Amino acid sequence: MRQYKFRLVLDVEQCLAFYQGLYTDVVVQAENGQTVQLPLRHFRPYISHAGVNARFVLTLTDQGKFQTLEKIN
Numbered sequence: 001m002r003q004y005k006f007r008l009v010l011d012v013e014q015c016l017a018f019y020q021g022l023y024t025d026v027v028v029q030a031e032n033g034q035t036v037q038l039p040l041r042h043f044r045p046y047i048s049h050a051g052v053n054a055r056f057v058l059t060l061t062d063q064g065k066f067q068t069l070e071k072i073n
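Using UniProt numbering, the letters of the sequence shown correspond one by one to residues 1 to 73.
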């Protein structure tokens with residue numbers, strides 16, 4: 001199991017572009033310096049009228065597959 005902690009900040013316009021299908025993935029830099037790419041669909045529960053501005057922890061299986069995404073503000 002691997003975990004990555006990061007902050008994601010998306011404004012309302014960026015979230016709208018996701019819902020319009022212009023973007024499907026987001027690339028973030030984890031706190032340990034590694035770059036991680038994951039589908040924006042995993043952030044749907046965290047999108048508000050103001051967009052997204054929170055810290056998250058992403059957990060992957062040993063094979064690198066998505067396991068969980070949790071908000072850790």
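Backbone N, C-alpha and C define an ideal beta-carbon position, used for all residues, glycine too. Since the model is a prediction, treat every value here as computed from it, not as a measurement.
For Val12, the closest of Phe56, Ala50, Gln67 and Pro39 by C-alpha to C-alpha distance is Ala50.
Secondary structure of Glu70 (DSSP, three-state): strand. When rounded, the separation of the alpha-carbon atoms in Cys15 and Leu38 is 15 Å. When secondary structure is reduced to three states using DSSP, Leu60 falls in the strand class.
Assignment of Gln14 by DSSP, reduced to helix, strand and coil, places it in the helix class.
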